[in-house]
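Residue numbers (this note's numbering), protein chains in the order written: chain V, 1 to 1005; chain Y, 10001 to 10533. Ideal Cβ placement from N, Cα and C applies to all residues, glycine included. Here the structure is laid out as C-alpha cells; the discussion comes afterwards.
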Amino acid sequence: MKRGRYVISALLAVLWMVPLRAQEPGRVRGRVVDDATKQPLAAATVTIGSRAAQTGTDGLFVLAMPAGSDSLRVRLLGYAPVVQAVTVEAGQTLVVPDIGMTQQAVGLSEIVVVGYGQQTAGDITGAVKQLSVEDFNVGNIPTPQALIQGKIAGVEVVDNNEVGGGLSVRIRGATSVNASSDPLYVVDGMPVGGTNAGGGMSTNGRDPLNFINPNDIESITVLKDASAAAIYGANAANGVVIITTKSKRAGAGAGQGATIEYSGSFSAASAVKFENILSAAQFRAAVQAQDTAALKYLGSANTDWFDQVSRTGYGQEHNVTVSGAGPTSGYRLSFGLYNQKGVIQTLSQQRMSLGFNYDQRLFSDRLDVRTAIKGSRTIDGFDPGGIVGSAAQFAPTQPVYDTSSATGFYDWPGNVLTATNNPLEIANLAQSQATSLRSLGNIQADYQLPYIQGLKASVNVGYDLTSITNQYFAPANLDAQQKNGAFGSWFRGSNYQLNTVGEGYLNYAAPLNVVPGRIDVTAGYSYTTLHAEFPGVSLDSLSNSLGFNSTGNFRQSTARPQMSVVDSKLISFFGRVNYNLNDRYLVAASLRRDGSSRFATTNAWGNFPSVSVAWRISSESFMQDLNRMASISDLKLRAAWATTGNQSFQDYLQYTTFQVSDAQSSVQFGNSFVPTLRPSVINTAIKWESTKSWNLGIDFGIMNQRISGALDWYVKNTSDLIFTVPIVSGTNMSNLLTENIGNMRNTGLELAVSAQILRGGANGLGWTADFTVSHNANKLTHISANGAYTVRAGPTIQGGVGQYIEINMAGQPINSFYVYQQKYRNGKPIYAPADSLLNAYVDQNHDGIINSADLRPYHDPAPKWILTHTSNLTFRHFDLSLSLRAWLGNYVYNNVAAANGYYGRFTDGQYPVNLDADVLKTGFLTTQKFSDYYVQDGSFLRLDNVALGYNFTYRGSQMRLFAAVQNVLTITGYRGVDPTAGINGVDNNIFPRMRTVTGGLSVKL
Amino acid sequence: MNLRAFKGPAAAAALFFLAAAGCTDTTVAPKSTVSDANVFANPGAYQEFLAKVYAGFAATGQQGPAGSADLAGFDEGFSQYVRLYFELQELPTEEAMIAWGGDGDLADLNRFVWSSSNGYSSIFYSRVFYAVSLANAFLFQTTDDKLDSRGVSATLKAQIHTYRAEARFLRAFAYWNALDLFGNVPIITTVSNATPPQVTRDSVYRFVVNELNAVKDSLPASTASNYGRATTQAAHMLLAELYLNAGVYTGTQNYAGALTEASEVIGSGAFTLASNYFKNFTADNGTSPEIIFPITEDGVHTRNYGSTTFIIHAECGNTLDGSTIGIPGQCWWGLRLKPQADTFYYQTTADHPAGDLRATALYRTGQTLAISDPFNFGQGTLLLKYSNKTSTGANGSDPYFVDTDFPVFRLAEAYLIYAEANLRGGGGSAVTALGYINALRDRAYGNATGEITVGQLTLPFILNERGRELIWEAHRRTDLIRFGQFGGAATYNWDWKGGNQAGAAVAAYYNLYPLPASQLAAAGGQYTQNTGY
C-alpha cells in the first residue's frame, strides 16, 4: 500500500492548500480507477445528492456535501455504475479508498487523444480512430505510419518499397492538386509543420517521420473527419494523425522501482518479384530476328542482372527502455538501434534513436509538467543512379566484369551515351548517402488554476530541428560519368530546418452544478515559425578519382554553390466547446482562426469552424427494452460539418523576387558572359484552399460491445484549390501560375466492425477480428469558369523524356491517366506502324487523324475500395495475428513495359537494350502511343502480415518470443512489379517489394 | 507552500496569453532572394536583367544545364526557344524527321497531324510570350521616372536607353515568330494580369514593323564587341524577313521593302561571307564575319539541352559516334533528312551541277535513303551541318554542351532575300541579284563551276537554293508557305507530308499552328482558334 500512501499524502497536500473557511460543509475526496487495471479513470461523473463532479485525468475528484450521510454514485460510460454510502462531518474531508469500476462495454470508456485534449471514446462526435500498441502491425516496421497500414477504414498508407521508405498517407482521398494531400502530424502535442507532411525535410524517397522509433509509440489517433480535425484549422484539410509516445506518468506504479525492457529482432528480406524481362536466350533470339545490325554486339554471357543487383536484406533492431515513477514524477528513457539493408544493393538505413519522457507534478499536483524529447541519427543509403532500370535494360548477353576496363566492370565500349550503364558498376563505385539528425522536443505544462474549479491553463513550447547532410559521389572513371560529360561528380547539401511552436490554452470543465450536463471549453493561441536553409555545392569534372569522404583538394573545373533560405509562420487562435447532456445528446463546436505568412496580408487570415452533434439513442429510456432484446450496448448517431484549410505549398508567391543565374546559365555579351536576373512569377491574390465537409455516422455495439463498429458517410468539397494552371501567356513571368482555382469533391463510405468472436479466457482459444471497408470517389468538379482547363499531371515518365501520362480535367478524378484507346484483335493489341495508326487506336474526335486530340481520360491510380481484415488469435501462451488488405479499382501505368516493350527499341541507340517480356505477347515493332493498353488494373489482395508470439515467464521476468512475415502473398492481375507502385500510379522501374521475415525477443525486467 | 506559489505560474500564464494575443503579424518577407524593392540598388542589375531578356532565347532557366526552369509543366531541356523553333519550322518539312516516338506528340510534327493540344507547339507559344513578358518587365522597370526615382547616373541612364531599344528588338523578334507560326495573337506591352485582347495577324505585323522602325536607329551598329546583341543591322534583317513574307502575313506584298532592308544590311559593310560555308556552324562560329544575329551558346557558360546542343546531339547516331562533330559517344539518334532534302544536294541539274561542297555534310553510311519507319534512326540521310569542333578541327570547350551559336540571321540570307525580292518585282538590280547568288555558289563549290546564269535565276531555283544554303536554320516552313508549297494546293509533296510515307497534300489551315488549347481555356472564351483547328 505504498502507492496508496503517496496518493493520500498528495491529497492531503491539495487539501492543505485550499483556503479554509468556517461553517463549511463536508467534503469527499477520492479516486476512481478501473477495477481490473487499477488505472485512473477520467471523466467519470461522481454525484452526491444534487452535487456532481467529474474526475480528472488522474481519476481524482473532490465533492462538497452537507454534513451527514448520503449515497455516492459514480457513473462512466462503458462501466457498471457504482454506489456507496458516505458519511461526513461538517468541515471534515473524507478520503474514500479508490473506487474501482468494472468494465461493462469495452471501448466506450477508452481515453482518446484529440486535438488539444482528450476525450472518452463514447463521447466523441466526429469520425476518430485511435490505435494503441496492441493494435499495431508487427515485424520490421521502420516508420510510425506503417504501424497502422491497413488498420483504419478510410486511411490509405502507400509505401515506396524502400527501406525506411517514403510513405504517403491519404485520409479519405486526396483533397488538393498542388498543395500537399498528406495529413498533419501532431507528435506529443507538437504539430510538425512545414510543406512536407511529417514536418522535417525529407531525404529523397525516405519518410520524414522515420526518425521516431515506432517502438516508442503508445498510440496513433487519426482524426478523419473535418469536425475533429478543424481545431487544427489551416493544416487540417487532409486529416490529422496524432502520435503519442510512451511515457510513465507521475504516480503510475510509483515506488515499484525502475522497469527495464529490452526487445530485439533480426530480419531477412528478399525481393518478392522483379519486372519480367527477356532472358539471355530470349534476348539473343529477339536480336537475331529483329536487329541484325546489332548481332555483333551479342556477347556469350548469360547474366541475370536482377540477380546481380539484388541481395538478401538483413536487418536488426534493438530497443532498451528504462522507466519508473515516483509519487510526483515519472520518466521513460529509450534507446533504439535499427539497421536494415535493402534488397537492392546500396539501399540501407541505420538509425539510432533516443527518447526521453519526463513527467513532474508540482504544487501539490496542481501543476503537471511533461517533457518529451526525441532525437535520432539516421544514415540512409540511396540508389546512386538507376540501378533497377539499368538492370532491366542491360543486355543479358554481356558479362558483369571485365578485367580490361577502367573499373573492372564490363561497360559497352566507347562511352556511348545511349548505352545502358552497368548497374553493378554504379552500385559499387558511386555512392549516395544522407545523414539526418532530427530532434523534436516539447514541454507541456498544465496548471489547475486556483479559485475557479475546473479551470486549467496549458502552455506547450516545442521545437523540431532537422539537419540533413546529403552527399553524392561518382568517380571520374565511371562509365556513366564519362558518358554524361560530368567526368566525376560530387555534391554535398547541408539542409537545416528549425520549426518552433508556442501554444497556450485554457480549458474549463465546468463543475456539474454550474449548468445542466457537462460542458468543456477550450480556447487558445498558437504561434509557429519555420526556418529552413538549403546550402549546397556541387562539383564536376573531378580531376582524379576521389573517394566519397574526400575533403578538400577538388581540382574541379565547375563548382556550383547553391543557397536558399525560407521562413514562414502561422499564427492561430482556437476555441472549442464540448457539451454532453445526460450522455445522450452530445454537441461539439470549434473555431480556429489562422494567419499564415504564405499569403498576402489581405488574404492572410482564415476562419475554420466546425459543428458536430451526436445522439446516443441507446441511452434513451424508450430504447431500453429494445436494447435488452437485441443486446444493444451502444447506438449513437453522429452528424458533423466543418471547414478546414490547406496551406501546404511554397512560400513567397506573393512577392516578386529576382533570382540570379549560376555561372552555367549566363549569356554572352561580346566577349564576356553576363549572369542573368530573373523576376519571379507572382500571385498577390493567393489564399487558403478550403475544404467543407459533411460527415454522418453511426456507432454501434451489441452484446456488451462484443461486436462493435462504425459506419460513416462523408462528402468533402474542396474549393479555391491551390492549383498550378496555364495562364494567358505573357501576363506573368511564367507559363503556369499557382492560383486558387477549381473545386474538388471526395465522397465516401466507411464501415469498420470489430468482433470478439471467441473469448478464450485463460486457457481457451480467443479470436478477435476486425474488418474495414472503405470507398472513396474523387472528382475535380470544375477548374475554371468555362471548365475547359486541362493540366497535365503526375510524375514524368521514362522513355518519353519529360512526358506526362496523367491529367487533371474537370469531371474526372484527379491524376486520371490520359491515353489513347488501344484497339484489339483476338484479344491482342493491334500493332500499327506510324502511317496506319487509325487501325490501332480509336479516333475519338472522328477527324481521321490520330493525334493528341484523341487522348482521353481513363481510370486513375486511387483505389476505389479498400478492404482490410485483421485477426488476432490467442491460445494459452501463444498469440497469432494476420492482416489482409485488398484494393479494388486502382490502376497503374506500366511504363516499364511501355518504354521497353517493342523491338524497335533495339535501334534507338548503338547497343541493344533488353526488352520487357510484354513484347513477346504484343510483337510491337515500333514505339507505340501512350495507350490504355499499359494502364493496367492494379487491384490486389495481399496478406500483409502474419505474426506469431509466445509469452512466458523466465526467472520472474516476462518474456515474449515472436516471429513475423510481412508481404506474405499478393494476388493480383497487375503484370508489373507491384500494384501499389507508389501513390502516383506510375510504374517506372520502382524498387521491388520486400518480403521480410523477422524473429525476436522482448524481455521485461 | 503557500499562496505565493500560485502567483508565479499564474502570472506566467497570464503574461503568455497577453503576449500571444498581441502577436498577430503574419508578414515574413523573403530573405535569401532579392526583391524588386532592393534589386536595383546594384547598378549592374540592369545589365543582368537585360541579359535575362536575351537568355529567354538561349537558356532554359537560372541553373545550367537544368534545374531552375523558366517554364513549368514541361521538360526543361525540351522548352528551349531555338530547339522548339527548330522543331516547328523543320520537322513538318522535307528537311527533317525526328526518330523519338516515345516523346509524346513531337512525332506528330513529322507527319502533319498536330492538334491544338500538341505539347511542343503549345510550349513554344509559352516560350515566345515568356520572352515578351521578360522584355515588358524590363521596360516597366526602366522607365525614366523609375530610373530618376532611383537616382541612376546620367551615363548609366544613357546606357539603359540602349538596353531598352534592345529589349524592344527582342520583343519584336519574339512577336515575329508568334505572328509567323500562330498568326492571331494578343499584343502585350505592359505588365498586367488582365487578359489582353487577341488581335489579327495583320495588326501584329504592323506592331512589329512599327517597333523595329522605332528602335532600329537607337540600336548600336554591329561590331565584334557587341556580338550576340541586337544591332541596327539585326533590326534591318528582321524587317527584311517581315516584308518578304508580308503577303502571307497581311495579304499585301512588300518585296520592295524587303529588298531595301536587305540592301541596308549588305550595304552596311559590317558583314562578309565566311570563306568556308561551315565556319558558320562550328564551335567557333562566333568569329564568323557573316553572322548578323546569333543566339549564343557556350559549353561552359551557357548550358542547356536545347539550341545547337540539341541539334548537334540529335543529328548523329547509328554508325557515327559523334567524334567527328566534337561530341564523342554523345549521339541522341534523332534527326535525319526526309529523302527530298537529300535530293537538294545530290540531284545534278543544269542549275545544280555536281560538286556542291555543302553536300559534304550529308552522311549516308549505314543509312537508308527512304524512311518507312519514322522511329528508326537507321532510315534517312544524316546531316552533319552543325559541329562542336572549331573551324580548325579542335574540340569545343565541353564534350557535351556545345559552343556553337545558332545563326538566326546571316549575310548569305540577306543575299537570297535580295535576289528573291528582285525576282518578285521588288526592284533593285537583276545583275546585283545574280552576283549575290553566284557569290554564295562560288563559296559552295569552292570555285566558279557552280555559278548560274541570269536565266537560271528563277523562283523555283531560289526555293531550292534556300533549302541548300539555309537547311536546318529554321527557315524552311516559312519559305515553303511563301512559295505556296506547304498547306493547301501545292505541286510539291514530300514523304510523310499528310501523314503517310508517300506524301499527300494537307489542308491550308496547316500554314498556321493552332493557338494552344490551354490559351483558349485560360482566356475564358475571349480568343478565337485559328481556322481549321
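For residue i, three-class secondary structure by DSSP
i, result
"K1006(V)", "As shown, chain V starts at 1 and ends at 1005. That puts residue 1006(V) outside it, with no answer to give."
"T684(V)", "coil"
"H10236(Y)", "helix"
"P10514(Y)", "coil"
"G10329(Y)", "coil"
"M994(V)", "strand"
"V537(V)", "strand"
"D70(V)", "strand"
"D123(V)", "helix"
"E89(V)", "coil"
"Y10533(Y)", "coil"
"P10460(Y)", "helix"
Test: residue i CB closer than 9 Å to a CB of chain Y
i, result
"G454(V)", "no"
"N470(V)", "no"
"A604(V)", "yes"
"I571(V)", "yes"
"N213(V)", "no"
"Y714(V)", "no"
"Q290(V)", "no"
"D70(V)", "no"
"L417(V)", "yes"
"Y1008(V)", "Here chain V covers residues 1 to 1005 and nothing more, so residue 1008(V) does not appear."
"F817(V)", "no"
"V138(V)", "no"
Member of the options whose CA lies at the smallest distance from the CA of residue i
i, options, result
"D10466(Y)", "E10094(Y), V10034(Y), E10087(Y)", "Correcting the residue type first, residue 10466(Y) is Arg in the shown sequence and not Asp. Checking every option, the nearest Cα to that of R10466(Y) belongs to E10094(Y)."
"S596(V)", "Y824(V), S572(V), V935(V)", "S572(V)"
"I243(V)", "V192(V), N235(V), V287(V), Q290(V)", "V192(V)"
"A236(V)", "M201(V), S648(V), G985(V)", "S648(V)"
"A981(V)", "T970(V), R993(V), I971(V), G973(V)", "R993(V)"
"Q393(V)", "A899(V), R745(V), Y974(V), A90(V)", "A899(V)"
"Q10089(Y)", "N10245(Y), R10171(Y), A10489(Y), D10180(Y)", "D10180(Y)"
"G9981(Y)", "G10487(Y), C10316(Y), G10151(Y), T10449(Y)", "What the structure shows of chain Y is the stretch from 10001 to 10533, and residue 9981(Y) is not part of that stretch, so it cannot be assessed."
"N1027(V)", "S10307(Y), S10115(Y), V10034(Y), Y10492(Y)", "Since the first residue shown for chain V is 1 and the last is 1005, residue 1027(V) is missing from the structure and cannot be characterised."
"G10306(Y)", "F10086(Y), Y10415(Y), T10143(Y), P10196(Y)", "F10086(Y)"
"R10303(Y)", "V10402(Y), I10188(Y), Y10205(Y), I10452(Y)", "V10402(Y)"
"A10414(Y)", "L10273(Y), G10380(Y), P10328(Y)", "L10273(Y)"
"S132(V)", "V113(V), Y820(V), P142(V)", "V113(V)"
Whole-Å CB distance - residue i paired with residue j, under 8 Å assumed
i, j, result
"A127(V)", "K38(V)", "With 8 Å as the limit, A127(V) and K38(V) do not qualify as a contact, their Cβ atoms being about 32 Å apart."
"A10234(Y)", "F10293(Y)", "4 Å"
"T397(V)", "G299(V)", "4 Å"
Closer than 9 Å to chain V by CB, residue i
i, result
"A10240(Y)", "no"
"A10224(Y)", "yes"
#### Entry: Unbroken stretches of the alpha helix (DSSP H), 4 residues or longer, contained in the stretch 10013 to 10090 of chain Y
10044 to 10058, 10081 to 10090
### Query
Taking the runs of the beta strand (DSSP E) that are 3 residues or longer, which of them lie wholly in the stretch 257 to 311 of chain V?
259 to 271
### Task
Only counting runs of 3 or more residues, tell me where the beta strand (DSSP E) segments fall wholly within the stretch 557 to 591 of chain V, in order along the chain.
558 to 562, 565 to 581
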